[in-house]
Every structure is written in C-alpha cells, then in structure tokens.
Amino acid sequence: MEIEKERKVGISACLIGEDCRYDGKNSLIKEIIEAIPSEKLVPVCPEVLGGLPVPRDYAEIQNGSGEDVIEGRAKVITYKGADITENYLKGAYRCLEIFKKEGVKFAIFKSKSPSCGVGQIYDGTFSKRLKEGNGVTTALLIKNGIKVIREEDFLKNKK
Ligand code: SF4
675 MEIEKERKVG ISACLIGEDC RYDGKNSLIK EIIEAIPSEK LVPVCPEVLG GLPVPRDYAE
735 IQNGSGEDVI EGRAKVITYK GADITENYLK GAYRCLEIFK KEGVKFAIFK SKSPSCGVGQ
795 IYDGTFSKRL KEGNGVTTAL LIKNGIKVIR EEDFLKNKK
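The opening residue of the sequence shown carries number 675 in our numbering; numbering runs sequentially from there.
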C-alpha cells in the first residue's frame, strides 16, 4: 500500500502503545507496529504536547469541529466545564512543527478523538454520540497538506 512509499509516517502515539490517553491507557494496534518499521514512525500525542497531563479530564469540541477551533469559532471543553482550547491549539501547532521537521506527509491517527479524530468526532454532549468533523490537530494537518487516515482505514487497506 501507499505506506511503502512514505518516508516517514506520523502516528497517534497511543496507537503504538504509549500510555498517553486521557485515562492513562493506550490504544495499541499491533498490526501497525508489525507493518511499519519503528524508525519510520513519528509518534505524537497532541494533547500531551499541548501541556495536558496523563491522566486528564476528557474533553469534547463544543459547537463545531476541529476546523472551527482553529478558526476561533469553537472551543474544547472538559466534562467538568474547563476551557482547554489553548492546550489543544498549542498541541496541534507543535505536532505540525514536528511533522514538518521530520518530512511527514502522511499520518495514521486515532479515530473519534477531539485532537486526532478523522471524519468523525464526539458531538460535544458527552453522550458518546458522533458528528461529522475532524479533531483539532487533524484539521490543522490537513490544512497544511498532510494526509491523515484513521487507524481503521489503515487496517482495512492492509487486508
Ligand atoms: S491525543 Fe491523540 S495520540 Fe493522544 S491519546 Fe488522544 S488520540 Fe491518542
């Protein structure tokens, strides 16, 4: 698949086993580390890069998508009501900087996350419902010409 011709592949760090999720766990997908040599992977956790701790309060984008957050039209709010939009923006720009420095043009990101989600994210009501849209970092990467796919699509294409 197209992965072979990519020099470096950006990856949500939780997908390769880093315990950086909001709950202190990871979302390891063994097929990814089996398919792509580790020296080719550039792992990032935008929320940690944005200064948030592990574990942390979970959050969702309110009244919009990642694109809206970047344009200043929407905010990222924790389930306790704290506005952590600045952390999300800082993490997204830091991730873009890392990918540019490493020459990353393609990334595999964790679906549904308010940072890394691709195409679908939680709808902001903390009720596990989804809406169309990208996470904040995904939106910024796409805006800057980096292709981002969901881990599910990577697995589908592998078969
Ligand atoms: S921000 Fe992205 S990399 Fe970090 S835990 Fe969430 S989905 Fe994984």
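Using N, Cα and C, we set each Cβ at its ideal position, and we do this for glycine too. Quantities reported herein were computed from a predicted structural model and do not represent experimental measurements.
| query | According to DSSP, what are the bridge partners of residue 774? | reply | Here residue 774 corresponds to residue number 100 of the sequence shown, with the count starting at 1. Looking at the DSSP assignment, residue 774 forms no beta bridge with any residue, so it has no partner.
| query | How many angstroms separate the CA atom of residue 738 from the CA atom of residue 749? | reply | Numbered from 1 along the sequence shown, position 64 holds the residue referred to as residue 738. Numbered from 1 along the sequence shown, position 75 holds the residue referred to as residue 749. Pairing residue 738 with residue 749, the inter-Cα distance amounts to about 8 Å.
| query | What distance in whole Å lies between the Cβ atoms of residue 744 and residue 836, which are believed to be in contact at a cut-off of 8 Å? | reply | Any question about residue 836 goes unanswered here, given that the chain covers just 675 to 833.
| query | What's the C-alpha gap between residue 707 and residue 832? | reply | Residue mapping note: residue 707 aligns to position 33 of the sequence shown, counting from 1. Residue mapping note: residue 832 aligns to position 158 of the sequence shown, counting from 1. Rounded to the nearest angstrom, the two C-alpha atoms are 13 Å apart.
| message | Given this structure, state the Cα-to-Cα distance separating residue 691 from residue 763, to the nearest angstrom. | response | By 1-based counting over the sequence shown, the position of residue 691 is 17. By 1-based counting over the sequence shown, the position of residue 763 is 89. Distance between the alpha carbons of residue 691 and residue 763: 24 Å.
| said: Assuming residue 824 and residue 783 are in contact, meaning their beta carbons sit under 8 Å apart, how far apart are those beta carbons, in whole angstroms? | reply: Within the sequence shown, residue 824 is the residue found at index 150, counting from 1. Within the sequence shown, residue 783 is the residue found at index 109, counting from 1. Indeed they touch by this definition, with Cβ atoms about 7 Å apart.
| task | Leaving aside the five residues before and after residue 798 along the sequence, list all residues of the same chain whose C-beta is less than 7 Å from its C-beta, in chain order. | result | By 1-based counting over the sequence shown, the position of residue 798 is 124. Closer than 7 Å at Cβ, skipping near neighbours: 734, 735, 736, 737.
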